[in-house]
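Down below is the structure, laid out as structure tokens.
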Amino acid sequence: MEPGCVGENDGLTFWLAKPEDYADVMSISEDIYSGNDYLPHRYHKWMTEPDRVVILARRAGKLVALESGVVVDDGRTVVVEGLRVCPTERGHGVAGVIQRFADSYLKKLYPSIKVKRLTRGDDPGPEKLSKFRLLARRAVVSLSGEAESFDGFISALKAKLMLEEGAGGPASKHLSLETEEQLRAVLLDPDVSSRLQLPGGAIIQDWQPLQPIEGNLAVLKRQNLTWFAGGGLVDKPTFLSFYTPPYPVPYGGRAVRLNIDMFGTDQGLARGALVANLDRVRAELRGTVMMHVYLHGSLWESLREFCQTDSGVQQCRNSWEQLLLERDL
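Anchor point for the sequence shown: position 127 equals 125 in our numbering, and the numbering is continuous, going up by one each time.
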């Protein structure tokens, strides 16, 4: 094998990604996620992230695929992310080859790994699903609009809340979790999974599933999230939400993506959580905003209707789901 190559199979050679591979990776990433691709923003962060491995596949020296995995849950789980294949190689089994190599390579590096988890934004069909355990489905409300439209959007949502509940109603009371101690008390409570109906027992942060355990608090901390708790006591909320800081995506050349994750099943609290998150993040929004809200399936229709205003922020995608899948490794 060539120096630096970590494996080969089926005409492909495998390499650990480096910062200087960025341009090649971007060249195979056109039209990924309809312009909502996170990798242009995250690639360089991945290069230094603890317990993350990014593998590249090349054919005759040309980059043809990428797969990444990060080890979480105290070493028991690898969450795979970022899979992509260059357009000319799609449909020829390349994805399966790099996935199998990545599984094997990660297992050798981290023998403690027991399961592989991933999230998908499409239903892969019964044949592919049969290879995994389907742990959960979450609904997604997708909206888009120019940043300057969000002032009117937020004002309209606040007016709706006021009309529904009056000033100071329970839906409006979402407290920001400002300290590590507050967040620790919420996430490490033994009842948190059942009380919030966590999907697959996990906190899914921007498509990354993490068990609510001590070892994952550092993983969550490095994402610089803004958290809100609603309903019940501060350390035993019946609704939890957070947003990931908006980040640039390729869509239109001047867009940012805003992901808001919600946990709980109360419609009023979901509406209040949306307003709380948008109120806090408003100053960070620029250009075209692609906003995705991930929540319990029973809340989708209610939140979609709540978001219908004349502000210029509109639904940009019909009902779709986020699937959490798992298999033994």
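Don't be surprised by glycine CBs; every beta carbon is placed ideally from N, CA and C.
Simplified DSSP assignment, three categories, for residue i
{"i": "Trp318", "result": "strand"}
{"i": "Trp205", "result": "coil"}
{"i": "Lys105", "result": "helix"}
{"i": "Lys156", "result": "helix"}
{"i": "Gln265", "result": "helix"}
{"i": "Thr286", "result": "strand"}
{"i": "Thr86", "result": "helix"}
{"i": "Trp25", "result": "Just to set this straight, residue 25 is Ser in the shown sequence, not Trp. Looking at Ser25 - three-state DSSP - the assignment turns out to be helix."}
{"i": "Pro248", "result": "coil"}
{"i": "Ser192", "result": "helix"}
{"i": "His39", "result": "helix"}
{"i": "Pro333", "result": "Nothing about residue 333 can be read from this structure; the chain reaches only from -1 to 327."}
{"i": "Leu272", "result": "helix"}
{"i": "Val311", "result": "coil"}
{"i": "Asn214", "result": "helix"}
{"i": "Gly91", "result": "coil"}
Residue i versus residue j - alpha carbon distance
{"i": "Pro244", "j": "Lys156", "result": "22 Å"}
{"i": "Leu181", "j": "Lys171", "result": "17 Å"}
{"i": "Ile129", "j": "Pro122", "result": "The sequence shown places Lys at residue 129, not Ile. Their backbone Cα atoms lie some 11 Å apart in a straight line."}
{"i": "Phe261", "j": "Val190", "result": "10 Å"}
{"i": "Leu321", "j": "Ala21", "result": "30 Å"}
{"i": "Leu133", "j": "Gln195", "result": "12 Å"}
{"i": "Thr236", "j": "Lys43", "result": "33 Å"}
{"i": "Leu2", "j": "Gly80", "result": "The question names Leu, yet the displayed sequence has Gly at residue 2. So the alpha carbons of these two residues sit roughly 22 Å apart."}
{"i": "Phe226", "j": "Arg325", "result": "32 Å"}
{"i": "Val113", "j": "Gly33", "result": "30 Å"}
{"i": "Glu146", "j": "Lys219", "result": "30 Å"}
{"i": "Gln209", "j": "Asp259", "result": "15 Å"}
{"i": "Ile150", "j": "Arg255", "result": "The residue you asked about is not Ile; residue 150 is Gly in the sequence shown. Gly150 and Arg255: Cα-Cα distance of roughly 19 Å."}
{"i": "Pro38", "j": "Ser309", "result": "30 Å"}
{"i": "Arg269", "j": "Met160", "result": "11 Å"}
{"i": "Asn214", "j": "Asp71", "result": "6 Å"}
{"i": "His90", "j": "Arg193", "result": "45 Å"}
{"i": "Ala281", "j": "Ala253", "result": "15 Å"}
{"i": "Lys105", "j": "Glu162", "result": "53 Å"}
{"i": "Arg88", "j": "Ile111", "result": "29 Å"}
Cβ-Cβ separation, residue j to residue i (assumed contact under 8 Å), whole Å
{"i": "Tyr103", "j": "Gly251", "result": "In fact, because the Cβ distance is near 36 Å, the residues do not count as touching under 8 Å."}
{"i": "His294", "j": "Asn257", "result": "With a Cβ gap of about 16 Å, His294 and Asn257 do not count as contacting."}
{"i": "Gly73", "j": "Trp318", "result": "Rounded, the Cβ-Cβ distance is 32 Å, inconsistent with contact."}
{"i": "Glu144", "j": "Thr46", "result": "The Cβ separation is near 34 Å, so there is no contact."}
{"i": "Val78", "j": "Leu107", "result": "Rounded, the Cβ-Cβ distance is 14 Å, inconsistent with contact."}
{"i": "Tyr36", "j": "Val184", "result": "With a Cβ gap of about 26 Å, Tyr36 and Val184 do not count as contacting."}
{"i": "Ala154", "j": "Leu297", "result": "In fact, because the Cβ distance is near 19 Å, the residues do not count as touching under 8 Å."}
{"i": "Asp277", "j": "Lys234", "result": "Going by Cβ atoms, the distance from Asp277 to Lys234 rounds to 24 Å, so no, they are not a contact pair."}
{"i": "Glu125", "j": "Gln97", "result": "Not really, about 15 Å apart at Cβ, beyond 8 Å."}
{"i": "Pro207", "j": "Ala216", "result": "The pair is not a contact, with the Cβ atoms about 16 Å apart (cut-off 8 Å)."}
{"i": "Asp101", "j": "Leu327", "result": "6 Å"}
{"i": "Thr11", "j": "Glu18", "result": "Actually they do not touch by this definition, with Cβ atoms about 17 Å apart."}
Beta-carbon proximity of residue i to residue j, cut-off 9 Å
{"i": "Ser239", "j": "Gly230", "result": "no"}
{"i": "Val311", "j": "Phe99", "result": "no"}
{"i": "Val92", "j": "Val83", "result": "yes"}
{"i": "Lys30", "j": "Val62", "result": "Residue identity check: residue 30 is Ile in the sequence provided, not Lys. Their beta carbons are not under 9 Å apart, which means Ile30 does not touch Val62 by this criterion."}
{"i": "Val95", "j": "Ala55", "result": "yes"}
{"i": "Val68", "j": "Ala15", "result": "no"}
{"i": "Ser142", "j": "Cys305", "result": "no"}
{"i": "Ile202", "j": "Tyr292", "result": "yes"}
{"i": "Val273", "j": "Tyr241", "result": "no"}
{"i": "Glu28", "j": "Pro85", "result": "yes"}
{"i": "Asn275", "j": "Thr307", "result": "no"}
{"i": "Arg135", "j": "Pro197", "result": "yes"}
Assess, as a yes-or-no matter, whether the region 263 to 278 is touched by the region 298 to 310 under the definition of 3 or more beta carbon pairs within less than 8 Å.
-> yes
Pairing CB atoms from the region 173 to 188 with CB atoms from the region 2 to 21, are three or more of them under 8 Å?
-> no
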